[in-house]
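Read the structure below first, then the notes.
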Amino acid sequence: MKAGPHHPPIPFWMSLLLAGAIFGLLLPGCGGSPPAAQNPSSFASASSASSDVIDSSPRGSLVFLGVSSVRSRMEESIDLALEDAARRLAIYRQVEGEFSSLSVTGGRIFDYRAETTSTLIVNESYRDLVDELDFNKDSDVFTSNNAVFVRTRYPGRLSLNHRPTPPGTKPAWIDNPPSKIGDYTAGVGSAGYRNFHRDAVIASYEDAIFSVMRNFFATTRGETTDYTGVGFLSQGGITEVGVEAGGILYGFYVLETWTDPSNKSVWTLAVADRMIPKERIPASETVPEIPYLIDAIIEDHTDPAGDDEAMPDDEELYADQSSPPFDVYYLEQTVPEDDEFFVDQSFPESDEVEMNEGALEAEGFQW
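Rendered as structure tokens:
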């Protein structure tokens, strides 16, 4: 009988490589991958992970996107994204903010400095607005760049026409940011790469708020200071340029969000209806300085029938207060004159002091 061909045994190192390859093929199917949205719809296909443009233009109703990081449970990610969408609805209704930037340039090495500060004040009860949003879990969820997005709808409309950017192309509004779109003031926000894509999306969104505020109303100041010294660069100047903007913004709405595929930076195009600059905010729009007085008015002067009731004057307002107003309080205080203040004070005359000292010395007291 003719023997078959002899095959040498497989080396041990090759066995290890083969086992590692098989393990690598089986690992993705064993779990550990991020949860995916169920039942992708046209929204998910139009804003899929391969797309870099997310369009939220209003079509029959307002669209508020929400974003969250990917959690171990998809339900938890969706809930957090819905809270973010509710926050955007609250900002759409009203948001107060302030922005300031300072740029310092000069000829010396330490003459350059750039500073930026910003503050946003949002209704802290925005989570209660989740129930006002229309949302379909089966069709309004998708994942992109390791983040979970939800699309929610809210009754309303904007009187403008916005043509969405086709997927795979860079939006024209990045290199040529508009200051107006229709009758609305526009702005463009941006944020660089973040470890979590959710953070970049939110940072770009908030930067767009300040961009719109600057296009509404901003104050710019500049100053140049010349200096003369000794040695290298003995003469030169320092230029300071500052920009300030702030107020209450109404109708802030995002039209489009774009993620740069090359560096994962995020850009946001948004518009707003109107703004009250901080210098012109009426007292009725600001937070009351003495909240307990407002509470007293609400509790004591609320008509159960809902009819308007005249605001009480100062005497009625403070009728039940244990302490009078500050101005009345100080009117009731009497500050004595100098002679009245010392009327009860007794200071010995000098001879009395000397007499007392002599009596003490007689008793052996040493000064």
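Numbering (the numbering used here), first residue to last: 5 to 371.
By construction, the Cβ of each residue, glycine as well, lies at the ideal position given by its N, Cα and C atoms.
For clarity, every value in this text was computed on a predicted model and none was experimentally measured.
Check: Is DSSP giving residue 104 helix, strand or coil here?
Finding: Taking the first residue of the sequence shown as 1, we reach residue 104 at position 100. The answer is strand: DSSP assigns residue 104 an E or B state.
Note to self: Between which residues of its own chain and residue 61 is the CB-CB distance below 8 Å, once the five residues before and five after are set aside?
What the structure shows: On the sequence shown, position 57 is the one that residue 61 refers to. Closer than 8 Å at Cβ, skipping near neighbours: 67, 166, 168, 259, 260.
Note to self: Assess contact between the stretch 76-94 and the stretch 166-185, defined as three or more Cβ pairs (one per stretch) separated by less than 8 Å. Is contact present?
What the structure shows: no
Item checked: In DSSP terms, what residue 151 is bridged to -> Taking the sequence shown and counting its residues from 1, the one referred to as residue 151 is at position 147. Looking at the DSSP assignment, residue 151 forms a beta bridge with 73, 148.
Checklist line | Within 8 Å, strictly: CB atoms of residue 195 and residue 148 | finding: By one-based count along the sequence shown, residue 195 stands at place 191. By one-based count along the sequence shown, residue 148 stands at place 144. Not a contact, by the Cβ cut-off of 8 Å.
Check: Would the stretch 122-140 and the stretch 83-102 be scored as touching if the rule is three or more Cβ pairs under 8 Å?
Finding: yes
Check: Using CA coordinates, which residue listed in 157, 151, 129, 153 is at the minimum distance from residue 137?
Finding: Position 133 of the sequence shown holds residue 137. Nearest of 157, 151, 129, 153 to residue 137, Cα basis: 157.
Next item on the list: Quick one: measure Cβ to Cβ for residue 65 and residue 160, integer angstroms, because I've assumed they're closer than 8 Å.
Entry: Working through the sequence shown from its first residue, we reach residue 65 at position 61. Working through the sequence shown from its first residue, we reach residue 160 at position 156. Rounded, the Cβ-Cβ distance is 6 Å, consistent with contact.
Checklist line | Chain-order list of residues whose beta-carbon lies under 7 Å from that of residue 225 (same chain, five-residue window excluded) | finding: The residue labelled residue 225 in the question sits at position 221 within the sequence shown. Hits under 7 Å: 246.
Note to self: Alpha carbons only, please: which of 145, 85, 273 is nearest the one belonging to residue 212?
What the structure shows: By 1-based counting over the sequence shown, the position of residue 212 is 208. Of the candidates 145, 85, 273, the residue whose Cα lies closest to the Cα of residue 212 is 273.
Check: So, helix, strand or coil for residue 247, using DSSP?
Finding: As a first step, residue 247 must be located in the sequence shown, where it is residue number 243. Strand.
Item checked: Rounded separation between residue 95 and residue 128 - CA only -> Position 91 of the sequence shown, counted from the start, is the residue given in the question as residue 95. Position 124 of the sequence shown, counted from the start, is the residue given in the question as residue 128. Counting only the Cα atoms, residue 128 lies some 11 Å from residue 95.
Notebook entry, point to check: In or out: residue 199 buried (at least 16 other Cβ within 10 Å) or exposed?
Noted result: By 1-based counting over the sequence shown, the position of residue 199 is 195. Answer is exposed; the Cβ neighbour count stays below 16.
Item checked: Per DSSP, the bridge partner or partners of residue 217 -> Here residue 217 refers to the residue found at position 213 when the sequence shown is read from its first residue. None, per the DSSP bridge assignment.
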